[in-house]
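Residue 126 in this note's numbering is what sits at position 126 of the sequence shown, and the numbering runs on without skipping anything.
Ideal Cβ positions, reconstructed from N, Cα and C, are used throughout, including at glycine.
Note that the structure is a prediction, hence the values are computed from the model and not measured.
Accompanying notes for the structure given below.
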Amino acid sequence: MRDRLLPAPPKLLRQGPLRARAFPSRLHDERTAALLGRALGIAFATCFFTGLISHGFQVGSGALNFAPTLPVWGYRLNQGIHVATGLAAIPLLLAKLWTVYPRLWQWPPLRSIGHAGERLSLGVLVAGALFQLLTGLVNITQWYPFGFAFKDTHYWVSWVTIGALLVHLAYKAPAIARGLRLRDAEPPRQLADEDAPPEPDPEPQAAGLTRRGFLTAVGAGVGLVTITTVGQTLRPAERLAVLAPRLPSVGPQGFPVNRTAQAAGVVERARHPAYALQVVGPRPYELRLNELAALPSYEVELPITCVEGWSATARWRGVRIRDLLDRAGVPEDAAVRVVSMEDGPYAVSVLAAPHARHELTLLALGVNGEPLALDHGYPARLIAPNRPGVLQTKWVNRLEVVA
Ligand SMILES: Nc1nc2c(c(=O)[nH]1)N[C@H]1C(S)=C(S)[C@@H](COP(=O)(O)O)O[C@H]1N2
Ligand SMILES: [Mo]
């Protein structure tokens with residue numbers, strides 16, 4: 001029927017990738033595509049949901065009051081999974097694109113409105129997936145070459161991509177079902193030639209990699225990517241993490257620094273002998289560093305979890321934020337703004353009441369048995385349980401009630 005709607009491809013076009021059976025590898029088949037698609041679907045779904053949670057933590061900790069304080073390692077686990085599944089999706093996506101790319105040369109290129117919709121949603125899906133994996137990868141290497149805000153763009157494109165994925169699944173449901181149902185012993189159903197007129201079938205290429213061999217190689221690629229990076233957050237695997245941009249035990253006082261005091265332009269202010277912490281509430285007051293240090297102090301073991309994928313546990317010592325707030329008469333249910341002496345995007349973070357009042361939430365003055373290093377936020381920094389690293393504000397000089 002559709003052959004009659006559109007003419008057969010002109011002879012002129014029947015060459016190169018457009019000639020019949022131009023892609024003889026048996027790996028361009030429905031079953032390989034379906035199996036890779038299933039793995040990719042699981043990776044994308046996991047990455048998407050952990051991404052949503054991560055975004056909730058980042059934007060919702062203040063106003064939306066999305067601030068679970070337990071478990072203290074929750075954000076760490078979530079972000080570790082997010083980055084690991086994103087990295088694992090890279091070899092999976094490349095393999096899947098390779099398996100299905102002969103489809104690009106299918107004739108006729110567009111057959112019906114339904115087919116045009118399928119192609120369009122697929123274009124969006126491929127572009128979105130590549131964009132997400134690429135920006136994520138660039139971000140975990142702490143490189144920001146783009147002119148847009150990473151967090152919001154990565155978030156919104158994730159919705160577009162997942163939407164396109166659902167549309168794609170709906171269109172492809174029959175093919176996916178066939179691909180997953182086929183047994184390995186059956187002759188592969190080649191993707192490119194699916195609609196070609198039946199010919200006495202030249203056996204699909206018998207030599208070369210088998211499907212099992214190909215999928216094993218892709219799996220090994222996923223394993224390799226994972227094992228060489230996951231040590232950035234999983235301490236026992238640190239020595240294998242040769243591709244990790246940051247190692248949890250490397251940096252001043254035994255853990256990494258994301259932005260140094262120099263880069264933040266706070267060296268002089270942080271070292272200034274007249275430093276004082278301002279606490280702004282119904283009964284505002286100021287404390288010099290020696291006065292702060294004389295208050296009751298506590299030691300807590302908490303991770304720093306950078307959204308960029310690394311995390312490290314440290315022993316922090318300092319004053320409970322809630323003690324500081326009580327002294328200023330701040331109401332129990334008030335959210336609190338934590339302000340750095342730095343200007344710029346990391347200068348302020350908001351503690352919702354559950355975090356502000358938590359006994360593990362400290363204004364830390366020391367770490368791992370020493371006074372804070374300048375790069376870790378000297379003279380004082382925030383450390384709170386179950387919180388993205390980017391909100392663990394360094395070089396703090398003011399706490400104030402959010403009006
Ligand atoms: N004022 C300020 N606080 C900051 C930052 C910053 O650049 N400026 N970086 C944040 C980020 S992204 C992380 S992951 C942690 C890292 O803390 P560390 O350098 O002590 O490891 O600090 C956070 N606090
Ligand atoms: Mo970070």
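>> Between which two residues does the beta strand (DSSP E) holding residue 285 run?
In response: Position 285 of the sequence shown, counted from the start, is the residue given in the question as residue 285. First-last of the beta strand (DSSP E) with residue 285: 285-288.
> Which first and last residues belong to the alpha helix (DSSP H) in which residue 155 is found?
Replying inline: For the purposes of this step, residue 155 is taken as residue 155 along the sequence shown, with counting starting at 1. Unbroken alpha helix (DSSP H) run through residue 155: 150-181.
> Can you list the alpha helix (DSSP H) stretches of 4 or more residues lying completely in the segment 228-271, in chain order?
Replying inline: 261-264, 267-271
> So what's residue 25 in DSSP terms, helix, strand or just coil?
Replying inline: Taking the sequence shown and counting its residues from 1, one reaches residue 25 at position 25. Coil, per DSSP.
>> Here's a check: name, in chain order, each residue in its chain whose Cβ is nearer than 7 Å to the Cβ of residue 276, leaving out the five neighbours to either side.
In response: Counting from one through the sequence shown, the residue named residue 276 turns up at place 276. The residues are 286, 287, 288.
>> According to DSSP, simplified to helix, strand and coil, what is residue 386?
In response: Taking the first residue of the sequence shown as position 1, residue 386 is located at position 386. DSSP places residue 386 in coil when its eight states are reduced to three.
> With a cut-off of 8 Å, do at least 3 Cβ pairs link the segment 360-367 to the segment 317-330?
Replying inline: yes
>> Can you look up residue 398 in the DSSP assignment and give me helix, strand or coil?
In response: Start at 1 with the first residue of the sequence shown, and residue 398 comes out as number 398. Note: residue 398 maps to strand in three-state DSSP.
>> Is residue 389 close to ligand 1? I mean its beta-carbon at under 6 Å from any heavy atom of the ligand.
In response: The residue labelled residue 389 in the question sits at position 389 within the sequence shown. Result yes, Cβ under 6 Å from ligand 1.
> Any C-beta of chain C sitting closer than 7 Å to the C-beta of residue 41?
Replying inline: No chain C is part of this structure, which consists of one protein chain only.
> Would you call the CB atoms of residue 183 and residue 30 closer than 7 Å?
Replying inline: Taking the sequence shown and counting its residues from 1, one reaches residue 183 at position 183. Taking the sequence shown and counting its residues from 1, one reaches residue 30 at position 30. No; because the gap between Cβ atoms is not below 7 Å, this pair is not in contact.
>> Taking only three categories from DSSP, how would you classify residue 366?
In response: Numbered from 1 along the sequence shown, position 366 holds the residue referred to as residue 366. Residue state, collapsed to three classes: strand.
> Cβ-heavy atom distance between residue 256 and ligand 1 below 6 Å?
Replying inline: The residue you call residue 256 lines up with position 256 of the sequence shown. Yes, Cβ of residue 256 sits closer than 6 Å to a heavy atom of ligand 1.
> Between residue 189 and residue 13, what straight-line distance do the alpha-carbon atoms span, to the nearest angstrom?
Replying inline: Taking the first residue of the sequence shown as 1, we reach residue 189 at position 189. Taking the first residue of the sequence shown as 1, we reach residue 13 at position 13. Each residue's alpha carbon lies about 24 Å from the other.
> Does DSSP classify residue 101 as helix, strand or coil?
Replying inline: By one-based count along the sequence shown, residue 101 stands at place 101. Residue 101: helix per DSSP, three-state reduction.
>> Does residue 332 come out as helix, strand or coil in the three-state DSSP assignment?
In response: Indexing the sequence shown from 1 puts residue 332 at position 332. Coil at residue 332, not helix or strand.
> How many angstroms separate the CA atom of residue 67 from the CA atom of residue 389?
Replying inline: Within the sequence shown, the letter at position 67 stands for residue 67. Within the sequence shown, the letter at position 389 stands for residue 389. Near 14 Å, if we compare the C-alpha coordinates of residue 389 and residue 67.
> Given that a residue counts as buried once 16 or more other Cβ atoms are within 10 Å of its Cβ, and exposed if not, what is residue 299?
Replying inline: If you number the sequence shown from 1, residue 299 lands on position 299. Per the 10 Å Cβ criterion, exposed.
> Should residue 134 go down as buried or exposed, given a rule of 16 or more other Cβ atoms within 10 Å for buried?
Replying inline: To locate residue 134, count along the sequence shown from 1; it is residue 134. It counts as exposed.
>> Suppose you measure from the CA of residue 15 to the CA of residue 103; what does that come to, to the nearest Å?
In response: Walking along the sequence shown from the start, residue 15 turns up at place 15. Walking along the sequence shown from the start, residue 103 turns up at place 103. If I take the Cα positions, the gap works out to 15 Å.
>> Tell me the residue span of the beta strand (DSSP E) that contains residue 319.
In response: Reading the sequence shown from its first residue, position 319 is the one you call residue 319. First-last of the beta strand (DSSP E) with residue 319: 311-320.
>> Could you pull the DSSP bridge partners for residue 59 from this structure?
In response: Walking along the sequence shown from the start, residue 59 turns up at place 59. Bridge partners of residue 59: none, in fact.
> CB of residue 392 to nearest heavy atom of ligand 1: below 6 Å?
Replying inline: Numbered from 1 along the sequence shown, position 392 holds the residue referred to as residue 392. For ligand 1, at least one heavy atom lies less than 6 Å from the Cβ of residue 392.
>> So, at 8 Å on beta carbons, what are the nonlocal neighbours of residue 228 in its own chain, with the 5 sequence-adjacent residues on each side left out?
In response: As a first step, residue 228 must be located in the sequence shown, where it is residue number 228. Cβ within range, chain order: 240, 241, 242, 243, 244.
> Span of the alpha helix (DSSP H) holding residue 72?
Replying inline: For the purposes of this step, residue 72 is identified with residue 72 of the sequence shown, where counting begins at 1. Where residue 72 is concerned, there is no enclosing alpha helix (DSSP H), given that its DSSP letter is neither H nor E.
>> Let's test the definition: count the other Cβ atoms within 10 Å of the Cβ of residue 146 and tell me whether it reaches 16, buried, or not, exposed.
In response: Taking the first residue of the sequence shown as position 1, residue 146 is located at position 146. Residue 146 is exposed by the Cβ-count criterion.
>> What residue range does the alpha helix (DSSP H) around residue 138 cover?
In response: Here residue 138 refers to the residue found at position 138 of the sequence shown. It spans 113-140 - the alpha helix (DSSP H) in which residue 138 sits, taken as one unbroken run.
> What residues are listed by DSSP as bridge partners for residue 54?
Replying inline: As a first step, residue 54 is located in the sequence shown; it is residue number 54 there, counting from the start. Residue 54 is not bridged to any residue.
> Which residues does DSSP pair with residue 9 in a beta bridge?
Replying inline: As a position in the sequence shown, residue 9 is number 9, starting the count at 1. The partner list for residue 9 (beta bridge, DSSP) is empty, contrary to what the question assumes.
>> In the DSSP assignment, the alpha helix (DSSP H) including residue 445 goes from what residue to what residue?
In response: The first residue shown for the chain is 1 and the last is 403, placing residue 445 beyond what the model contains.
> Rounded to a whole number of angstroms, what is the C-alpha to C-alpha distance between residue 268 and residue 252?
Replying inline: To locate residue 268, count along the sequence shown from 1; it is residue 268. To locate residue 252, count along the sequence shown from 1; it is residue 252. Approximately 19 Å between the Cα atoms of the pair.
>> Shorter than 6 Å, the distance from the beta carbon of residue 75 to the closest heavy atom of ligand 1, or not?
In response: Along the sequence shown, read from residue 1 onward, the residue named residue 75 stands at position 75. No, the Cβ of residue 75 stays beyond 6 Å of every heavy atom of ligand 1.
> Between the Cα of residue 158 and the Cα atoms of 255, 143, 55, 213, which residue gives the shortest distance?
Replying inline: Position 158 of the sequence shown, counted from the first residue, corresponds to residue 158. Nearest of 255, 143, 55, 213 to residue 158, Cα basis: 55.
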